[in-house]
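Trainee: Numbered according to the numbering used here, the sequence shown spans residues 101 to 691.
Here a beta-carbon is modelled for each residue, glycine too, at the ideal position from N, C-alpha and C.
Computed from a predicted model, the values in this text were never measured in an experiment.
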Amino acid sequence: MARIVRRLIGHHASNDWGDRPGLETRSVPTGLRVRRASMAVAAALSMLAVLGLLAFSLLGGWELLRTAFESASGTWSFHPLYRALTQHYMLAGPLLNSLLLAIPVALAATLLGGLLAWLAVRSDLPGGLWLLPLVALPHVIPGFQLASAWVEIFSHGGLWQAALGVPAPMSAYGYAAIVVVMTLHLMLFPFLLVASNLQAADPALEEAGRIAGLTPAKVFLRITIPLARPALLGSLLLVFAYVMEEFGIPSLLGTPSGFETLTTRIYGLATTTPLDLSGASVLALVLGCIALGVLWMQLRLWAGTRLETLSGKASRQGRVRLGRWRWPVAVLVWAALCTVALAPFGALVLVSLLNSWGQGYGPDHWTGSRYAELLHSEELRRALRNTLALALGSALAGTAIAVVIAYASQRFRPRFVGRLALIADRVSFVTFAVPGLVIGLALILAFSGGWLPLYGTPWILLVAYTLRFSGVGVRTVAARLSQIGVELEAAAEVAGLSRLRILARIVLPLLAPALVGSAVLIFVNEVKEISATSLLASQGSETLAYEAYIRFQEGNYTQGSAVSVVMITGVIAVLLLGRLVGRSTQDLTTT
Numbered sequence: 101m102a103r104i105v106r107r108l109i110g111h112h113a114s115n116d117w118g119d120r121p122g123l124e125t126r127s128v129p130t131g132l133r134v135r136r137a138s139m140a141v142a143a144a145l146s147m148l149a150v151l152g153l154l155a156f157s158l159l160g161g162w163e164l165l166r167t168a169f170e171s172a173s174g175t176w177s178f179h180p181l182y183r184a185l186t187q188h189y190m191l192a193g194p195l196l197n198s199l200l201l202a203i204p205v206a207l208a209a210t211l212l213g214g215l216l217a218w219l220a221v222r223s224d225l226p227g228g229l230w231l232l233p234l235v236a237l238p239h240v241i242p243g244f245q246l247a248s249a250w251v252e253i254f255s256h257g258g259l260w261q262a263a264l265g266v267p268a269p270m271s272a273y274g275y276a277a278i279v280v281v282m283t284l285h286l287m288l289f290p291f292l293l294v295a296s297n298l299q300a301a302d303p304a305l306e307e308a309g310r311i312a313g314l315t316p317a318k319v320f321l322r323i324t325i326p327l328a329r330p331a332l333l334g335s336l337l338l339v340f341a342y343v344m345e346e347f348g349i350p351s352l353l354g355t356p357s358g359f360e361t362l363t364t365r366i367y368g369l370a371t372t373t374p375l376d377l378s379g380a381s382v383l384a385l386v387l388g389c390i391a392l393g394v395l396w397m398q399l400r401l402w403a404g405t406r407l408e409t410l411s412g413k414a415s416r417q418g419r420v421r422l423g424r425w426r427w428p429v430a431v432l433v434w435a436a437l438c439t440v441a442l443a444p445f446g447a448l449v450l451v452s453l454l455n456s457w458g459q460g461y462g463p464d465h466w467t468g469s470r471y472a473e474l475l476h477s478e479e480l481r482r483a484l485r486n487t488l489a490l491a492l493g494s495a496l497a498g499t500a501i502a503v504v505i506a507y508a509s510q511r512f513r514p515r516f517v518g519r520l521a522l523i524a525d526r527v528s529f530v531t532f533a534v535p536g537l538v539i540g541l542a543l544i545l546a547f548s549g550g551w552l553p554l555y556g557t558p559w560i561l562l563v564a565y566t567l568r569f570s571g572v573g574v575r576t577v578a579a580r581l582s583q584i585g586v587e588l589e590a591a592a593e594v595a596g597l598s599r600l601r602i603l604a605r606i607v608l609p610l611l612a613p614a615l616v617g618s619a620v621l622i623f624v625n626e627v628k629e630i631s632a633t634s635l636l637a638s639q640g641s642e643t644l645a646y647e648a649y650i651r652f653q654e655g656n657y658t659q660g661s662a663v664s665v666v667m668i669t670g671v672i673a674v675l676l677l678g679r680l681v682g683r684s685t686q687d688l689t690t691t
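1) Quick check: residue 623 and residue 495, are their CB atoms within less than 7 Å of each other?
2) Give the DSSP-derived three-state secondary structure of residue 642 in the structure shown.
3) What are the partner residues of residue 674, as DSSP defines its beta bridges?
4) Assuming residue 490 contacts residue 537 under a Cβ cut-off of 8 Å, what Cβ separation, rounded to an integer in Å, is found between them?
5) If you follow the alpha helix (DSSP H) that residue 422 is in, where does it begin and where does it stop?
6) Do residue 569 and residue 625 have their beta-carbon atoms positioned less than 7 Å apart in this structure?
7) Taking residue 155 as the reference, give the member of 628, 312 and 546 with the closest Cα.
8) Measure the beta-carbon distance from residue 597 to residue 510 and round it to whole angstroms, keeping in mind my assumption that it falls under 8 Å.
9) By alpha-carbon positions, which one of 253, 451, 157 and 534 ends up nearest to residue 658?
10) On the premise that residue 347 lies in contact with residue 364, defined as a C-beta separation below 8 Å, what is that separation, rounded to the nearest angstrom?
11) What is the rounded straight-line gap between the Cα of residue 317 and the Cα of residue 325?
12) Strictly by DSSP, which residues pair up with residue 170?
13) Considering residue 273, what are the terminal residues of the alpha helix (DSSP H) in which it resides?
14) Can you tell me whether DSSP reads residue 494 as helix, strand or coil?
15) Hey, would you say residue 281 sits closer than 7 Å to residue 250, going by beta carbons?
16) Report the option in 468, 256 and 274 whose CA atom is closest to the CA atom of residue 266.
17) From the DSSP secondary-structure annotation, give me the bridge partner or partners of residue 466.
18) Name the residue from 677, 668, 194 and 685 whose alpha carbon lies nearest to the alpha carbon of residue 242.
19) Apart from the five residues on each side of it in sequence, which residues of its chain come closer than 6 Å, Cβ to Cβ, to residue 244?
20) Could you please give me the residues that DSSP links to residue 684 through a beta bridge?
21) Between the beta-carbon of residue 285 and the beta-carbon of residue 238, is there less than 7 Å?
22) Does the distance from the CB of residue 378 to the CB of residue 180 come in under 7 Å?
23) For the putative contact between residue 564 and residue 523, defined by C-beta atoms under 8 Å, what is the C-beta separation to the nearest angstrom?
24) What do you get for residue 264, buried or exposed, if any count of 16 or more other CB atoms within 10 angstroms of its CB means buried?
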């Protein structure tokens with residue numbers, strides 16, 4: 101153990117060990133003072149990060165609650181709540197529309213994602229293991245850009261009609277369009293959850309059912325579905341929560357047809373003159389309570405789930421043979437997924453090359469001027485700089501906070517600092533579950549004036565992104581840290597190293613893959629974020645996502661598509677780079 105610690109910490113400990121016969125000859129008071137001082141510094145840093153996260157979260161929540169129950173004269177009143185409950189256009193209508201979206205989308209996405217996961221993991225479908233990239237691409241594309249691609253394809257005179265000469269089979273706007281686009285956008289989550297569940301479950305159970313004479317359909321219904329039930333239920337709740345908080349898709353596809361959801365109604369109340377911040381706060385509290393309720397159900401589901409059939413990855417022999425349907429199903433699945441995955445991005449690329457939208461799609465209408473505007477437009481260049489700065493800043497800040505919270509909650513004794521870190525861990529989980537519009541509105545109310553006027557500056561966007569996505573980092577880092585034993589840290593502490601040096605020289609190198617993963621996930625989520633940004637962005641602090649959204653909203657599809665293509669390409673590049681760096685750091689930590 102001493103050799104391992106010496107190799108990790110270099111020569112610091114060699115001067116203490118050297119020719120001495122044992123650690124007992126070391127000055128105990130000096131080592132004790134060093135450890136106490138390092139513990140104090142580590143505790144102070146932990147408390148600073150934790151208190152900062154808690155302060156911003158609690159202050160924003162308090163201002164949201166206060167505004168929701170404040171009358172025009174500034175006193176506490178239930179009038180805003182009464183008005184929201186009694187006026188159909190305020191709460192009942194948008195809430196009903198949101199539920200009418202969330203329920204069918206959750207069912208459809210779980211059905212499609214779960215079926216594709218079963219084909220990839222449990223059947224002999226050709227190329228089944230390569231389905232993931234095609235299922236993931238519609239989710240990599242931000243929701244509002246996927247909605248814009250839908251409009252470009254299915255609108256009157258759009259790509260469908262131009263290519264086939266017949267009107268599109270579906271409307272570009274309205275309820276049905278939102279359901280389809282959201283289903284395609286969110287089916288990745290059921291695919292991942294069900295695939296992971298089926299890979300962990302023992303295929304011998306299904307094999308035993310087949311040996312007992314059960315038909316493939318009965319094996320699927322009586323054995324496979326019960327095995328995947330926790331993942332299926334978790335998928336339903338997760339997709340339901342995402343649909344309830346989605347803003348970009350219903351804003352672009354629903355608002356033009358008069359279809360309002362809770363998120364679009366909140367946005368309208370908070371941005372349309374005359375402003376109604378009390379009404380927006382009431383609706384935001386309702387939406388936040390729904391999100392927290394779904395989160396509570398998810399936690400109860402995970403806490404009550406016990407899967408005791410773990411045996412590793414399903415072997416090829418344990419897969420279901422599709423027989424004569426193998427190749428027809430493969431052709432159907434691959435054709436559908438290729439169309440769903442590639443058509444939206446292809447539509448964005450093609451429209452970004454056009455002189456003008458709707459005037460023709462042939463090569464004689466192509467131009468690169470929209471991409472040239474990205475280089476010459478000061479507005480777009482500023483948006484690019486803001487996006488990169490905010491993405492890097494939120495990735496670094498969120499990952500640093502994640503390290504502090506995860507390390508303090510797992511390594512500190514359950515006293516003040518450890519318990520505070522556990523509270524911050526739960527708060528980071530809650531802020532990730534709370535919709536972006538709710539966080540954005542809360543920050544506007546808390547920091548639009550007074551002692552810390554952040555509204556109107558890029559700093560409020562950095563705070564919003566860090567609050568919303570630090571939970572991703574905490575979960576990623578905590579999962580990796582729980583796999584690292586405390587023996588190396590204990591040996592280094594006995595050798596006299598301070599807690600900060602142990603963290604820097606031992607823990608952080610072992611956490612490197614998780615740190616890369618955390619930074620990449622936060623970076624990508626920030627680049628795609630539009631819910632909170634739509635409320636918080638102001639003159640000089642626009643992001644690329646905001647600029648693309650505004651252009652689509654104004655009908656400037658050529659410029660909006662060009663910005664979207666640059667964004668999507670950058671996101672895919674960052675994901676691939678993060679995967680490459682993560683693998684290299686994983687190799688370094690295992691050698």
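Mentor: Inspection of the coordinates gives the following:
1) Yes, they are a contact pair.
2) Note: residue 642 maps to coil in three-state DSSP.
3) Looking at the DSSP output, residue 674 sits in no beta bridge, so it has no partner there.
4) About 18 Å; that fails the 8 Å criterion.
5) No alpha helix (DSSP H) contains residue 422, which DSSP labels as neither H nor E.
6) Against a cut-off of 7 Å, the Cβ pair of residue 569 and residue 625 comes out as a contact.
7) The shortest C-alpha separation from residue 155 is found at 546.
8) Contact annotation, residue 597 with residue 510: C-beta distance approximately 19 Å; criterion of less than 8 Å not satisfied.
9) Here the closest residue by C-alpha is 451.
10) Your pair residue 364 and residue 347 checks out as a contact, with CB atoms roughly 7 Å apart and the cut at 8 Å.
11) Here the alpha carbon of residue 317 sits roughly 11 Å from the alpha carbon of residue 325.
12) Looking at the DSSP assignment, residue 170 forms a beta bridge with 176.
13) Bounds of any alpha helix (DSSP H) do not take in residue 273, whose DSSP letter is neither H nor E.
14) In the structure shown, residue 494 sits in a helix (DSSP, three-state: H, G or I).
15) In this structure, residue 250 lies closer than 7 Å to residue 281 by Cβ.
16) If we check each option's Cα against that of residue 266, 256 comes out closest.
17) In the DSSP output, where bridge partners are listed per residue, residue 466 has 454.
18) Scanning 677, 668, 194 and 685 for the CA closest to the CA of residue 242 turns up 668.
19) Within the same chain, and ignoring the five residues on either side of residue 244 in sequence, the residues whose Cβ sits closer than 6 Å to its Cβ are 348, 352, 630 and 649.
20) DSSP output for residue 684 lists no bridge partner at all.
21) Contact annotation: residue 285 and residue 238 have beta-carbon atoms nearer than 7 Å.
22) Their beta carbons are under 7 Å apart, which means residue 378 touches residue 180 by this criterion.
23) A Cβ-Cβ distance of about 21 Å is found for the pair residue 564 and residue 523, leaving them out of contact under the 8 Å criterion.
24) By the neighbour-count rule (16 or more Cβ atoms within 10 Å), residue 264 is not buried but exposed.
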